[in-house]
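Heads up, the thing below is written out as structure tokens.
In my numbering, the protein residues as written are 39 to 193.
Here you go:
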């Protein structure tokens with residue numbers, strides 16, 4: 039039963055990949071953009087820390103319209119470790135992007151959930167990224183502040 043539920047969730051997340059297996063364009067004026075991807079990784083590494091001992095699948099799907107975007111991302115454990123053949127993280131992101139000349143401001147809200155992991159609380163962050171375009175290069179700064187479970191920020 040648990041494997042069926044996991045496969046159903048995986049199929050639901052991956053179904054859009056059949057229609058548009060590419061990253062969505064930044065903006066299509068007047069038209070929504072859709073995208074999906076499926077990444078195979080030898081390990082799940084986030085912000086420099088390894089969160090798995092072996093391989094994982096990381097499906098994602100996104101939709102964007104007029105500067106707004108929503109995305110869903112998951113981490114599916116393949117390795118012989120806890121939560122094998124299950125999602126152990128599913129993240130949701132709502133974001134907006136606005137540009138003024140060479141500057142781009144991108145605020146976002148990210149919610150991190152940890153299904154199939156007892157004792158691991160869900161949490162969320164508010165993020166803001168400011169980017170300045172320099173020809174073929176960009177300078178940027180990103181600030182993250184947790185608003186649900188943990189006190190602190192990531193700069």
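For each residue, glycine too, the CB sits at the ideal point set by N, CA and C.
The structure displayed is predicted, hence computed values, not measured ones.
Practice task
Run the CB neighbour count on residue 97, radius 10 Å, all protein chains shown included, and call it buried at 16 or more, exposed below.
Solution key: Translated into positions along the chain shown, residue 97 becomes position 59. Buried is the call here.
Handout entry: Cβ shell of residue 127 (< 6 Å), same chain only, five flanking positions each side left out
Key = Within the chain shown, residue 127 is the residue found at index 89, counting from 1. Once the five neighbours on either side are set aside, the close Cβ partners of residue 127 are 113, 152.
Exercise for the section: Grab me the residues of residue 169's own chain with a C-beta within less than 6 Å of its C-beta, minus the 5 sequence neighbours each way, in chain order. Expected result: Here residue 169 is taken as the residue at index 131 of the chain shown, counted from 1. Within the same chain, residue 169 has close Cβ partners 142, 176, 178.
Handout entry: Among 150, 146, 154, the one whose alpha carbon lies nearest that of residue 164
Key = One-based indexing of the chain shown puts residue 164 at position 126. Residue 164 has its Cα closest to that of 146, out of 150, 146, 154.
Problem - Best match in 116, 137, 68 for proximity to residue 167 [C-alpha to C-alpha] - result: Here residue 167 is taken as the residue at index 129 of the chain shown, counted from 1. The option with the nearest alpha carbon to residue 167 is 137.
Practice task
Between the Cα of residue 90 and those of 72, 108, 123, spot the shortest distance and give me the residue it belongs to.
Solution key: Taking the first residue of the chain shown as position 1, residue 90 is located at position 52. When only C-alpha atoms are compared, the closest one is 123.
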